[in-house]
Each structure stands twice: as structure tokens, then as C-alpha cells.
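Working notes, beginning with the structure itself.
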């Protein structure tokens with residue numbers, strides 16, 4: 367893979383509106399395989415970052431051979447991950463059964479394990495790091511030669527830019543495509559969560575995985591005359607087990 371790097375941070379100190387744009391290729395080997403571009407914007411002092419993926423118009427978001435209709439589970443609103451490091455906060459917009467939610471949490475701790483393993487791609491030395499985060503084991507390849515400490519989705523905390531990261535099952539993969547100068551409005555209405563209701567990460571997990579009203583909501587969305595022959599519920603997504611659940615397991 368040929369990485370394209372147009373310029374680095376030292377050249378971007380002359381204007382508040384300037385930012386670095388890092389484009390990733392997001393490859394999801396899920397029940398409905400998807401490949402799309404992800405965009406990471408980083409402001410000049412690296413105190414704010416915004417990551418989102420392109421919206422791909424699909425007829426279906428979930429399909430099962432035992433379900434005789436197709437259900438769209440997206441709200442249609444663009445999701446994002448917005449880090450405000452000065453306020454130690456991460457705001458995520460995500461969908462829970464067609465309902466868009468703003469989730470607020472503190473900057474997650476990935477507890478990276480830095481290794482001495484290296485690989486060189488296009489004359490760029492990448493270092494390997496691993497971590498366990500919310501139910502998945504991740505492998506990251508990063509470079510300390512680029513003065514950017516960030517990555518796609520919620521990934522951060524490494525001493526360099528993440529060029530490649532994936533979970534051990536290769537279900538979720540991100541590959542850096544290019545780095546370039548750009549502009550971005552980090553104070554836009556799109557990111558102004560202060561005027562809207564937010565929920566905690568724990569409330570998000572409860573709504574997504576322990577919602578007793580989910581069956582009723584699902585049935586209410588079905589076309590007239592449709593029925594579900596059988597139901598399979600299992601946790602899926604980037605985050606499938608949370609810190610408080612791990613703590614409860616250890617106490618038991």
C-alpha cells in the first residue's frame with residue numbers, strides 16, 4: 367500500500383480553521399460486508415478531533431434467513447466521534463434501532479501494550495501495539511515519525527499516528543490512505559452537543575443490548591402482515607462488553 371502524506375503539522379499553525387485530514391479505508395467483514403471511507407479531522411493543537419465515515423445508501427442494514435422481511439435500522443443521521451481533549455470528553459453519535467443518540471463519556475483508556483515488533487511499508491517504519499477494549503482485542507501499527515497522535519473511530523493514546531488497526535478476528539479493519547491539509551469547523555452546529563440531550567455510555571449500552579422494549583419496537587416497524595419466524599439476538603458492533611461488566615465478572 368502506498369501512503370500519501372502531503373504535509374505535517376508544523377506547516378499548519380497559521381490559522382485556527384486549518385486542520386489535518388486523514389482518510390482511512392474502513393473494511394467491515396460483518397454479516398453485510400462493507401467497505402467505505404472514514405475521515406479524521408484534527409485541529410492544529412491536536413486538542414480536538416472528529417471522525418466519521420461516509421454514508422452508504424443501503425436497502426438493508428440487517429438480514430437473516432429466518433426473517434421474511436428486510437428492516438432498515440439507520441436513522442439516516444451521520445454518526446461521528448468527537449474528542450475534546452481539553453474537557454476530557456468524547457461525544458459519539460450512534461443509532462439505536464433507528465433512533466439517533468448522542469453519547470457522552472470521558473476519554474477512553476486503551477491501555478496499549480507497546481511491542482518491539484516493526485514492519486516497513488513504503489519506507490515508513492511502523493511499530494506494533496496491542497490492546498483489549500470493550501470486548502475485542504486490537505492490533506495497531508503506528509508511526510512515531512508523524513507528529514500526530516490519533517487514529518480512526520475512538521482509537522487514540524499511542525505515541526504516533528495509527529496507519530493500520532484491526533481486531534484479531536479481522537472483522538473490523540482500518541487502513542490509512544492519505545494525510546493532507548484541510549479546513550474544518552470544530553464549532554459547527556453539527557457538533558454542538560450542548561444544545562441537545564446526551565446519554566452516558568452506560569445508558570447507551572443498556573438501550574442497545576438490554577432494552578426490554580426492543581421486541582415491541584421491532585414489531586411496530588414491520589409492514590402489515592409481516593412476521594418474524596425466529597429471533598436471534600447477539601451483541602455485535604465495535605463494543606460488545608463494557609468496563610462495568612468486566613468489573614462485575616471479576617467480583618463474581
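In the numbering used here, the protein residues as written are 367 to 618.
Note that beta-carbon positions come from the ideal geometry of N, C-alpha and C, so glycine has one too.
With a threshold of 7 Å on Cβ separation, who are the neighbours of residue i within its own chain once the five nearest residues in sequence on each side are excluded?
i, result
"residue 431", "Bear in mind that a pLDDT of 45 at residue 431, under 50, signals an unreliable position, so the number given afterwards is only what the model happens to contain. There are no such residues."
"residue 478", "495, 497, 523 and 524"
"residue 454", "472 and 473"
Just to confirm before moving on: does the CB-CB distance between residue i and residue j stay below 8 Å?
i, j, result
"residue 448", "residue 413", "no"
"residue 502", "residue 460", "no"
"residue 619", "residue 485", "In the structure displayed, the chain extends from 367 to 618; residue 619 sits before or after that span and is not available."
"residue 421", "residue 391", "no"
"residue 476", "residue 523", "yes"
"residue 406", "residue 419", "no"
"residue 531", "residue 504", "yes"
CB-CB under 6 Å to residue i, same chain, minus the five flanking residues each way: which ones, in chain order?
i, result
"residue 537", "395"
"residue 409", "385 and 552"
"residue 602", "none"
"residue 393", "401 and 539"
"residue 387", "407, 546 and 548"
"residue 564", "468 and 470"
With residue i as the anchor, note down where its beta strand (DSSP E) starts and where it stops.
i, result
"residue 495", "490-499"
"residue 573", "That residue, residue 573, is in no beta strand (DSSP E); its alpha helix (DSSP H) goes 567-575."
"residue 602", "Neither: residue 602 is in no beta strand (DSSP E) and is coded neither H nor E."
"residue 391", "384-394"
"residue 549", "538-549"
"residue 412", "Counting along the chain, residue 412 falls outside any beta strand (DSSP E), and DSSP gives it neither H nor E."
Taking 7 Å as the cut-off, is the beta-carbon of residue i closer than that to any non-hydrogen atom of the ligand SAM?
i, result
"residue 396", "The model depicted lacks the ligand SAM and carries no ligand whatsoever."
Kindly indicate which residue of the options has the alpha-carbon position closest to the one of residue i.
i, options, result
"residue 572", "506, 455, 419 and 469", "469"
"residue 471", "488, 612, 568 and 478", "568"
"residue 493", "510, 477, 499 and 466", "510"
"residue 482", "474, 562, 491 and 530", "491"
"residue 467", "561, 417, 570 and 411", "570"
Note down, in chain order, each residue of its chain lying with its Cβ closer than 8 Å to the Cβ of residue i, except the 5 sequence neighbours on either side.
i, result
"residue 528", "506, 507, 508, 516, 517, 518, 521, 540 and 542"
Just checking my contact of residue i with residue j at CB under 8 Å: how many whole Å lie between their CB atoms?
i, j, result
"residue 457", "residue 559", "5 Å"
"residue 500", "residue 605", "4 Å"
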